[in-house]
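Asker: Reading the sequence shown from the start, the letters are residues 58 to 345 in this note's numbering.
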Amino acid sequence: MVKFGPAGHSASFALDGKKHTYEMPEWLKNKGLDIFEYSFGRGVNIKEDSARKIGDEAKKYGIEITVHAPYYINFATEEQDKYQNNFRYVMQSLETLNYFGGQRVVIHTASQGKLDRKVALANASRALEELASRACSAGFGDKLLCLETMGKKSQIGTVDEIVDFCKISPIFIPTLDFGHINACFQGILKTKDDYRREIDKVFEGLGEEKAKKVHIHFSKIQYSQAGEVRHLTFEDDKYGPDFEPLAETIIEYGMNPYVICESAGTQAEDALSMKTEFIKLRDNSLQI
Ligand SMILES: [Zn+2]
Numbered sequence: 058m059v060k061f062g063p064a065g066h067s068a069s070f071a072l073d074g075k076k077h078t079y080e081m082p083e084w085l086k087n088k089g090l091d092i093f094e095y096s097f098g099r100g101v102n103i104k105e106d107s108a109r110k111i112g113d114e115a116k117k118y119g120i121e122i123t124v125h126a127p128y129y130i131n132f133a134t135e136e137q138d139k140y141q142n143n144f145r146y147v148m149q150s151l152e153t154l155n156y157f158g159g160q161r162v163v164i165h166t167a168s169q170g171k172l173d174r175k176v177a178l179a180n181a182s183r184a185l186e187e188l189a190s191r192a193c194s195a196g197f198g199d200k201l202l203c204l205e206t207m208g209k210k211s212q213i214g215t216v217d218e219i220v221d222f223c224k225i226s227p228i229f230i231p232t233l234d235f236g237h238i239n240a241c242f243q244g245i246l247k248t249k250d251d252y253r254r255e256i257d258k259v260f261e262g263l264g265e266e267k268a269k270k271v272h273i274h275f276s277k278i279q280y281s282q283a284g285e286v287r288h289l290t291f292e293d294d295k296y297g298p299d300f301e302p303l304a305e306t307i308i309e310y311g312m313n314p315y316v317i318c319e320s321a322g323t324q325a326e327d328a329l330s331m332k333t334e335f336i337k338l339r340d341n342s343l344q345i
């Protein structure tokens, strides 16, 4: 089943008088959404009992929780302290994901920094191999670590790079962030063919099973020559990308991705508009 939901608290959550994340599952259920992505962008700082409380509510309302690991992870680093910390951030994210009763953790793999890109890629590859083995030995072999495509040229994470990383272990699948892909390559996603081209790389590189269950981030993102500048809302009609050709591709390929919206403030509303549009297109395609 294709699932939709927001990353983090949208402005409307507070406007509806809600404050705590444990109130989120019921609120999302009432809106008709399916997932909530909990961001540990600045660190994993939630206590076990709070996380379990959110997990209990999620289970009660049939909402799945996914987790975003800290943003500053960099598996290409050659500094020992930072290198070791990367593993700690992912392991903490996985432990908390367990308390939430969830399955997926999103990870930014690396930055190029001052390294040659080939060296950065080789470093990250080696580290990811170690990560997969540590995660499996720690009992997280049933989780999915969703490695994300990034929005800035200085970051590691083109679709090709992420597909290569995901070949390392069965627990790695891609997070295709189409806003990032569009921003990094100056607006390349316009038509259905543009989306097919990117998704075909996943089917060809990783096979049907992984390709059909990819994690997706979707938002409109302002960009400059260096790539991503900032996340926008679906009100934007300048930068894109548009969801409709992606929805058509998901239907055509029979995929069941999780689609997370990262709009700036309107992520719940924009997630719902994607879900509504997707269902309409799917029902139309069934009638033909
Ligand atoms: Zn991300």
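We treat Cβ as the ideally placed atom computed from N, Cα and C, and that holds for glycine.
Since the structure is predicted, the reported quantities are computational estimates derived from the model, not experimental observations.
Inspect the CB distances between the segment 239-252 and the segment 282-300 and report whether three or more fall short of 8 Å.
Answerer: A contact exists between the segment 239-252 and the segment 282-300.
Asker: Identify which residue in GLU305, GLU309 and GLN324 has its Cα closest to the Cα of PHE291.
Answerer: Of all alpha-carbon atoms in GLU305, GLU309 and GLN324, the one lying nearest the alpha-carbon of PHE291 is that of GLN324.
Asker: For ligand 1, is there a heavy atom less than 8 Å away from the beta-carbon of HIS125?
Answerer: yes
Asker: From this set, ASP327, GLY322 and GLU309, which residue's C-alpha is nearest ARG339's C-alpha?
Answerer: For the set ASP327, GLY322 and GLU309, the Cα lying nearest the Cα of ARG339 is the one of GLU309.
Asker: With 16 other CB atoms within 10 Å as the buried threshold, where does ARG161 fall?
Answerer: buried
Asker: Return the CA-CA distance between ASP257 and CYS223, expressed in angstroms with no decimal places.
Answerer: Answer to the nearest angstrom: the Cα atoms are 15 Å apart.
Asker: Measure the alpha-carbon distance for ARG287 versus ILE278 and round it to whole angstroms.
Answerer: 6 Å
Asker: Note the first and the last residue of the continuous beta strand (DSSP E) segment covering GLN279.
Answerer: 278-281
Asker: Where does GLU292 fall in DSSP's three states?
Answerer: coil
Asker: Sorted by chain position, which residues of the same chain lie with C-beta nearer than 6 Å to TYR280's C-beta, five sequence neighbours on each side aside?
Answerer: Hits under 6 Å: ALA240 and VAL286.
Asker: Decide yes or no for the touch test of the segment 86-102 against the segment 150-169: beta carbon pairs closer than 8 Å, at least 3 of them.
Answerer: Because the criterion of three Cβ pairs below 8 Å is met, the segment 86-102 and the segment 150-169 touch.
Asker: Using only the alpha-carbon positions, how far apart do LYS88 and LEU329 sit?
Answerer: Cα-Cα distance, rounded: 8 Å.
Asker: Run through DSSP, which three-state label would SER211 get?
Answerer: Taken through DSSP and simplified to helix, strand or coil, SER211 comes out as coil.
Asker: Taking 8 Å as the cut-off, does the CB of GLU218 come closer than this to any heavy atom belonging to ligand 1?
Answerer: no
Asker: Is it the case that the CB of ASP234 approaches a heavy atom of ligand 1 more closely than 8 Å?
Answerer: A heavy atom of ligand 1 is found nearer than 8 Å to the CB of ASP234.
Asker: Apply the 10 Å Cβ neighbour rule to LYS171 and answer buried if 16 or more other Cβ atoms are within range, or exposed otherwise.
Answerer: Around the beta carbon of LYS171, a 10 Å sphere encloses fewer than 16 other beta carbons of the protein chains shown; the residue is thus reported as exposed.
Asker: So is the beta-carbon of HIS165 under 8 Å away from any non-hydrogen atom of ligand 1?
Answerer: HIS165 Cβ: within cutoff of ligand 1.
Asker: When we look at the beta-carbon of LYS48 and count the other beta-carbons within 10 Å, is it buried (16 or more) or exposed?
Answerer: No answer is possible for residue 48: it lies beyond the span of the chain, which begins at 58 and ends at 345.
Asker: Cα separation between GLU83 and ARG145?
Answerer: Going by the C-alpha atoms only, they are around 31 Å apart.
Asker: Is it true that the segment 181-190 meets the segment 209-227, where meeting means three or more beta-carbon pairs spaced less than 8 Å apart?
Answerer: yes
Asker: Could you tell me whether the Cβ atoms of GLU135 and ASN180 are closer together than 9 Å?
Answerer: yes
Asker: Can you tell me whether MET207 is buried or exposed? The criterion is at least 16 other CB atoms within 10 Å of its CB, across all chains shown.
Answerer: buried
Asker: Going by the CB atoms, is the gap between ILE120 and TYR156 shorter than 9 Å?
Answerer: no
Asker: Suppose the cutoff is 7 Å on Cβ atoms and the five residues either side in sequence are ignored; what does the same chain contact list for LYS86 look like?
Answerer: TYR118, GLY119 and ILE120
Asker: Nearest CA to the CA of VAL316: which residue from GLN344, ASP293 and HIS272?
Answerer: Closest option to VAL316, Cα to Cα, is HIS272.
Asker: Buried or exposed: MET58, going by 16 or more other Cβ atoms within 10 Å of its Cβ?
Answerer: exposed
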